[in-house]
Amino acid sequence: MNRDELLLQLEIDQLNARYAAALDERRFDDWPAFFLEDGRYTVQARENFDRGLPLALIALESRGMMKDRVYGITQTIFHGPYYTRHVLSPAQLLSPEGERIRAQTHYAVFRTRPGDASEVYNVGRYIDEIVRTPEGLKFARRTCVYDSEMILNSLIYPI
Amino acid sequence: MNRDELLLQLEIDQLNARYAAALDERRFDDWPAFFLEDGRYTVQARENFDRGLPLALIALESRGMMKDRVYGITQTIFHGPYYTRHVLSPAQLLSPEGERIRAQTHYAVFRTRPGDASEVYNVGRYIDEIVRTPEGLKFARRTCVYDSEMILNSLIYPI
Amino acid sequence: MNRDELLLQLEIDQLNARYAAALDERRFDDWPAFFLEDGRYTVQARENFDRGLPLALIALESRGMMKDRVYGITQTIFHGPYYTRHVLSPAQLLSPEGERIRAQTHYAVFRTRPGDASEVYNVGRYIDEIVRTPEGLKFARRTCVYDSEMILNSLIYPI
Numbered sequence: 001m002n003r004d005e006l007l008l009q010l011e012i013d014q015l016n017a018r019y020a021a022a023l024d025e026r027r028f029d030d031w032p033a034f035f036l037e038d039g040r041y042t043v044q045a046r047e048n049f050d051r052g053l054p055l056a057l058i059a060l061e062s063r064g065m066m067k068d069r070v071y072g073i074t075q076t077i078f079h080g081p082y083y084t085r086h087v088l089s090p091a092q093l094l095s096p097e098g099e100r101i102r103a104q105t106h107y108a109v110f111r112t113r114p115g116d117a118s119e120v121y122n123v124g125r126y127i128d129e130i131v132r133t134p135e136g137l138k139f140a141r142r143t144c145v146y147d148s149e150m151i152l153n154s155l156i157y158p159i
Numbered sequence: 001m002n003r004d005e006l007l008l009q010l011e012i013d014q015l016n017a018r019y020a021a022a023l024d025e026r027r028f029d030d031w032p033a034f035f036l037e038d039g040r041y042t043v044q045a046r047e048n049f050d051r052g053l054p055l056a057l058i059a060l061e062s063r064g065m066m067k068d069r070v071y072g073i074t075q076t077i078f079h080g081p082y083y084t085r086h087v088l089s090p091a092q093l094l095s096p097e098g099e100r101i102r103a104q105t106h107y108a109v110f111r112t113r114p115g116d117a118s119e120v121y122n123v124g125r126y127i128d129e130i131v132r133t134p135e136g137l138k139f140a141r142r143t144c145v146y147d148s149e150m151i152l153n154s155l156i157y158p159i
Numbered sequence: 001m002n003r004d005e006l007l008l009q010l011e012i013d014q015l016n017a018r019y020a021a022a023l024d025e026r027r028f029d030d031w032p033a034f035f036l037e038d039g040r041y042t043v044q045a046r047e048n049f050d051r052g053l054p055l056a057l058i059a060l061e062s063r064g065m066m067k068d069r070v071y072g073i074t075q076t077i078f079h080g081p082y083y084t085r086h087v088l089s090p091a092q093l094l095s096p097e098g099e100r101i102r103a104q105t106h107y108a109v110f111r112t113r114p115g116d117a118s119e120v121y122n123v124g125r126y127i128d129e130i131v132r133t134p135e136g137l138k139f140a141r142r143t144c145v146y147d148s149e150m151i152l153n154s155l156i157y158p159i
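Residue numbers (full-length UniProt numbering), protein chains in the order written: chain A, 1 to 159; chain B, 1 to 159; chain C, 1 to 159.
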């Protein structure tokens, strides 16, 4: 791996950090802009991913669907409030596929409910296809493959 | 973001790693030297931070105050012993303000008490103002904004 | 620390990420190849490490011993299945010793058992001696020093 390839890690780390900060600081309206207009966001259990099954907890196929999701989260879904905190490993660079940068990042998301201790909420890995655009790196595809079979209550906010 | 700005992430990651190692290896006497002489260290609940309230759990405004704190921790406070372990995301670079480097880093601190399993202790983010000095990067200001409203027992060691 | 030294962090982060991915994706047969032929892998409680005691939970002194271990894990040991997920801090570079790169990395390993929530399994730090070979960076020595005195049940998979 040459120096330019190595430096890509830094760019992806910065992208991941901005993404995590937007979610954890509850700037949900900023979330769809991390993706291409026709970007895909999928949240899938590891068991289904490993077996190649299409079943996913969440599967959004455009920014428009992501905006609908954000509207649902912030305006219509009734749920108990909680804070999230993403802690991420440095990104692992995978071999590129044509124009697309491929990377994988292990994550842990912690949840804190009012008046309660923080707890492990969801752990897994992001599997990403990233494209360089005039507005910076964007996700063509982000798949969140989670280990946690039992999602504590329901998953409301994006991972 | 150009290459030199990107490389800053590595310098801050190294600073963060040394800081975390000093605390987790209980070299508390080394801790004040991570700050400028008039550096500020604040530990604040997210709720207060988000509302702009000044109320903080800990607010130290010089190395001298930090040394007093370390003396208190190591010499005078009676408390049950525990180990800490910091796991940090790569640092996120924020736009600089004059001479000051600004960065933010998500953290998880785990606690292990003798004979017990490790547990999530405190999660949140560091919000930092960093200055380049002849002795390397130093914190002009480190604010630890924690999600965890209920601090498990009392917080003894620095975050 | 000059630029070339800083860039080493990226190489070690990539090594750590590949290592963690191999374990968490259960590609255990790939694990010994992260080490030199006479590489050493040790898992030791922090208490023993800090006191300089030799007692270790696991001490393997060659790839051959690691392969035996993998055989044991995958073929002979009866145990309840679980998933692991490593989340790692960026690597901290330590001063080199001759030809060997020295680094230390804080880790958290989460465990997920079928139908259960994810939990903190083991936290600590890797203390590494790394050698550059024609096949890339390899561990001459990886010591996993864990804080968690009470290992939840028994530790089956490598850390």
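Each residue gets a CB set at the ideal place from its N, CA and C atoms; glycine is no exception.
Endpoints, beta strand (DSSP E) assigned at residue i
{"i": "B/N48", "result": "First-last for B/N48: R46 to D50, but that is the alpha helix (DSSP H), not the beta strand (DSSP E)."}
{"i": "C/E97", "result": "Q92 to E97"}
Bridge partners - residue i, DSSP secondary structure assignment
{"i": "C/V43", "result": "C/I58 and C/C144"}
{"i": "residue 185 of chain B", "result": "It is not possible to answer for residue 185 of chain B, since the shown part of chain B is limited to 1 through 159."}
{"i": "B/E149", "result": "Answer is none; B/E149 lacks a bridge partner."}
{"i": "A/F35", "result": "A/F139"}
{"i": "C/I73", "result": "Partner(s): none; C/I73 has no beta bridge."}
{"i": "B/R125", "result": "B/H106 and B/V145"}
{"i": "B/I101", "result": "B/I130"}
Short Cβ contact (8 angstroms threshold) for residue i with residue j
{"i": "C/L93", "j": "C/L15", "result": "no"}
{"i": "B/I156", "j": "B/H79", "result": "yes"}
{"i": "A/H86", "j": "C/R85", "result": "no"}
{"i": "B/L8", "j": "A/E11", "result": "no"}
{"i": "C/V120", "j": "B/V120", "result": "yes"}
Residue i - containing alpha helix (DSSP H), residue span
{"i": "C/L8", "result": "R3 to D24"}
Cβ separation of residue i and residue j, assumed to be a contact under 8 angstroms, to the nearest whole Å
{"i": "C/I130", "j": "C/A103", "result": "6 angstroms"}
{"i": "A/A140", "j": "A/G39", "result": "6 angstroms"}
{"i": "A/L57", "j": "A/A45", "result": "7 angstroms"}
{"i": "C/P96", "j": "B/A17", "result": "Actually they are not in contact, since the Cβ atoms of C/P96 and B/A17 sit about 16 angstroms apart, beyond 8 angstroms."}
{"i": "C/A22", "j": "C/W31", "result": "6 angstroms"}
{"i": "A/R100", "j": "A/Y126", "result": "The Cβ separation is near 15 angstroms, so there is no contact."}
Amino acids of chain D, ordered along the chain, whose beta-carbon sits closer than 7 angstroms to that of residue i
{"i": "A/D147", "result": "Going by chain labels, chain D is absent from the structure shown, which instead holds the protein chains A, B and C."}
Residue i CB to nearest heavy atom of the ligand SAM below 7 angstroms
{"i": "A/F49", "result": "The ligand SAM is not part of the structure shown, which contains no ligands of any sort."}
Count Cβ pairs between the segment 141-150 of chain C and the segment 97-116 of chain B that sit closer than 8 angstroms; are there 3 or more? These segments touch.
Between the segment 26-42 of chain A and the segment 62-70 of chain A, do three or more beta carbon pairs fall short of 8 angstroms? Touching, per the Cβ criterion.
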